[in-house]
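Going down the list, the protein sequences come from chains E, A and G.
All the letters of the first sequence, read from the start, carry residue numbers 272 to 377 under this note's numbering.
All the letters of the second sequence, read from the start, carry residue numbers 192 to 504 under this note's numbering.
All the letters of the third sequence, read from the start, carry residue numbers 6 to 107 under this note's numbering.
Idealized CB from N, CA, C, for every residue including glycine.
Quantities reported herein were computed from a predicted structural model and do not represent experimental measurements.
Contents: one structure, followed by commentary.
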Amino acid sequence: MADLGLYVFAAALLFGIGVYGLIVARHLMRKLFAINIMGNAIFILMVTAARPLDGAPDPVPQALVLTGIVIAVSATAFALALMVRLHRETGQVSLSADNESGGDDG
Amino acid sequence: MMALLLDGLIVLALVSLAVQAISGRSLFRGIIHFVVFGLTMALAWARIGAPDLAMAEAAIGAGLTGALMMVAYRRLVAQGDNHSPRAPAQKSRLAIPIAVGSGLLVGVIGLGALLADNPPGEAGLIVLETLPEYGLGNAITGVLLLFRGLDTLLEIAVLLTALLAARALAGTGDSSATARTQHPETPLVGALLAVVIPLTILVAVHLLRAGTHETGGAFQAGAVLAAAGVLLVLSGRVSRTDTAGPLVRLGILAGLSAFILIGLMPLLYGEALLTLPGMWSIYLIETAMMVSIAAALILLFADAGGLKRDRRG
Amino acid sequence: MSVEEGIALLFLLAGCAFYLAGTIGLLRFPDVFCRLHALTKADNVGLGLVCVGLALLSGQARVASMLLLIWLVGLLAATVSAHLIARHAYERDAPPEHEGPS
């Protein structure tokens with residue numbers, strides 16, 4: 272089994288990157304990347320933070336993460352549909368509050 | 192030493208791919224980076240010792256999420272989105288402090304859990320003790336169906352809700368995005384499908400059956416089956432319709448209804464809700480869930496209410 | 006290190022060499038067709054050599070046959086996708102009157 276400390280470090284870095292991307296990115300699909308990256312960071316944290324049983328990660332958080340992966344793809348699919356509809360209605364792929372805060376990109 | 196090098200490389204790849212996906216030059220590149228990020232996550236899961244998660248991540252997290260993002264991207268382009276190529280970053284003074292703070296928070300929680308001298312999780316121990324009674328070898332399938340059945344039931348419901356919501360948003364009369372190129376199809380595609388589709392179904396059934404005693408399960412099998420469906424949609428063997436036929440409806444609802452019906456049965460004998468009455472019920476629920484997961488994911492990908500066979504020889 | 010392990014190591018290293026060469030080609034070649042040429046070397050030969058190496062290392066018939074299957078499916082997918090990419094690139098770039106007899 273791998274060095275879990277390293278993966279906890281990775282989870283922290285990925286979560287930070289995800290939060291940064293969520294705040295900074297303007298295109299909604301990039302915000303979706305960011306949210307998914309944050310989710311993956313939390314998945315890593317949940318599995319590595321539990322004490323291993325019989326040399327393998329604890330099955331309970333693993334099962335929770337497996338559920339989480341499917342929920343994440345459901346939510347992403349819904350968010351993508353929302354984004355496409357928003358673009359069709361308004362011609363924009365970003366939130367209007369983001370556009371007011373600076374820049375000229377519509 | 193080698194192991195540390197490998198893990199270090201994986202972590203480095205994860206971090207740089209995440210940065211690239213968020214801040215890369217074009218959105219299309221961003222999607223590619225995100226898909227590769229998902230595949231690297233699968234490698235990370237394999238290294239952490241969670242092959243079930245690795246498989247789910249590779250099939251669902253990387254494959255299907257990537258395919259869904261590609262479809263959405265193509266529809267944006269078809270609707271005339273010309274802002275995608277550039278990635279203007281927003282100016283925010285608080286972005287970096289907030290990001291560093293939240294990253295630190297996650298790191299502290301993780302390190303705290305690693306360094307603390309906790310006993311192993313009680314729940315995990317109980318799971319490992321109980322499994323042999325039910326003849327299950329895969330602890331994760333055990334947790335999903337025996338101990339957290341309600342979670343798994345609601346998960347199917349969430350997938351179904353996402354599908355219905357996406358359908359409600361899609362509206363009507365936007366088939367322009369799915370127009371295919373008019374080139375004559377090469378015979379190679381047919382040959383590929385003739386081999387890959389049966390093989391994919393075989394792999395899905397193997398994963399489903401294996402899920403009770405080794406790596407595998409309904410989610411992985413459903414994702415693999417959905418990949419076969421995506422291939423059929425892409426190659427035009429199956430075309431989209433606005434409303435679902437009876438077979439597609441049955442497929443979408445099979446998992447939820449089988450789970451609810453079998454979950455309610457114990458109430459008749461005065462036992463607790465969702466106490467599964469034996470191995471046969473586990474196989475039945477897993478099969479129905481595989482079909483439903485695959486059907487829902489294919490419909491989300493095709494952005495269609497239903498599917499029908501396209502007869503063109 | 007036993008003899009089998011040594012042979013397996015040779016296969017793995019040879020496979021990695023093909024992957025390295027293929028990746029360098031993918032990054033440095035000028036157009037789609039040359040890049041596909043480089044990519045197929047890595048996909049087909051590289052993957053095959055790595056699979057042989059791993060099969061020798063495992064020493065089990067079951068694992069070896071699964072690796073063989075992985076290689077065959079990989080070959081199939083790589084062949085068809087390379088063909089489709091090349092065809093698309095050809096039809097996009099070639100003027101209509103020069104189109105091939107396909």
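By the three-class DSSP mapping on this structure, what secondary structure does G:I12 have? helix
For A:M470, verify whether its CB is less than 7 Å away from any heavy atom of the ligand HEM. Absent from the structure shown: the ligand HEM. Ligands present: none.
Would you list, in chain order, the members of the stretch 381 to 404 of chain A that have their beta-carbon closer than 9 Å to a beta-carbon of chain G? A382, L383, V386, V387 and L390
Chain-ordered neighbours of A:A304 on chain E, where CB pairs are closer than 9 Å: V279, L316, T319, A320, A321 and R322
Between which two residues does the beta strand (DSSP E) holding A:T432 run? V429 to T432
Say whether chain A places a C-beta atom closer than 8 Å to the C-beta of G:L61. no
Answer yes if the stretch 80 to 97 of chain G comes into contact with the stretch 381 to 391 of chain A, meaning at least three C-beta pairs across the two stretches below 8 Å, and no otherwise. yes
Count the other CB atoms within 10 Å of the CB of A:H404; is the residue buried (16 or more) or exposed (fewer)? exposed
Chain E contact for A:V188 (CB, 8 Å cutoff): The structure shown has nothing for residue 188 of chain A, since chain A only spans 192 to 504.
How about E:T338: is its C-beta nearer than 8 Å to some C-beta of chain A? yes
Against chain A, does G:H88 count as a neighbour if the rule is that its beta carbon must be under 8 Å from one of theirs? yes
Interface flag, E:I294 vs chain A, CB-CB below 8 Å: yes
8 Å Cβ cutoff met for E:I315 and E:A282: yes
With a threshold of 7 Å on Cβ separation, who are the neighbours of A:S426 within its own chain once the five nearest residues in sequence on each side are excluded? V380 and L384
Does A:R216 come out as helix, strand or coil in the three-state DSSP assignment? coil
Assign A:L465 to one of two classes, buried (16 or more other C-beta atoms within 10 Å of its C-beta) or exposed (fewer than that). buried
As assigned by DSSP and simplified to three states, the class of E:L357: helix
So is A:A330 in contact with chain E if we call contact Cβ pairs under 8 Å? yes
Would you say G:R67 faces chain A, with C-beta separation under 8 Å as the test? no
Apart from the five residues on each side of it in sequence, which residues of its chain come closer than 8 Å, Cβ to Cβ, to A:A479? A445, G446, S448, A449 and F450
What residues in the stretch 246 to 265 of chain A bring their beta carbon closer than 9 Å to a beta carbon of chain E? A247, E248, I251, G252, L255, T256, L259, M260, V262, A263 and Y264
So, using beta-carbon positions, are A:A233 and A:A249 closer together than 8 Å? yes
Go ahead and label A:L458 buried or exposed: buried means 16 or more other beta carbons lie within 10 angstroms of its beta carbon, across all protein chains shown. exposed
Assigned secondary structure, E:R297 (DSSP; H/G/I helix, E/B strand, else coil): coil
If A:G312 sits next to E:R356, beta carbons under 8 Å apart, how far is it from one beta carbon to the other, in whole angstroms? Not a contact, Cβ separation roughly 43 Å.
Would you identify the three-state DSSP class for A:S366, choosing helix, strand or coil? Because the pLDDT of A:S366 is 49, which lies under 50, any placement of that residue in the model is unreliable, and the question is left without a value.
Using a C-beta cutoff of 8 Å, does E:V290 count as contacting chain A? yes
Return the CA-CA distance between A:E376 and A:R428, expressed in angstroms with no decimal places. 11 Å
According to DSSP, which residues form a beta bridge with A:G497? A:T432
With DSSP as the reference, identify every bridge partner of E:A327, one or two as the case may be. E:L324
Assuming the contact rule is C-beta atoms closer than 8 Å, A:L452 and A:L255 should be a hit. Round their C-beta distance to whole Å, please. Not a contact, Cβ separation roughly 28 Å.
In the DSSP assignment, find the unbroken alpha helix (DSSP H) run with A:Y325 in it and report its ends. E313 to Y325
Scan the stretch 446 to 480 of chain A for residues whose Cβ lies nearer than 9 Å to a Cβ of chain G and list them as they occur along the chain. none
If you drop the 5 nearest sequence neighbours on each side, which residues of the same chain put their C-beta closer than 7 Å to that of A:V415? A250, T391, V394, A395 and L398
Taking C-alpha atoms, which residue in A:A247, A:L316, A:L491 and A:I347 lies nearest to A:A258? A:L491
If the cut is a Cβ gap below 8 Å, which residues of chain E does A:E324 touch? The premise fails here: A:E324 is roughly 15 Å from chain E at the closest Cβ pair, so nothing lies under 8 Å.
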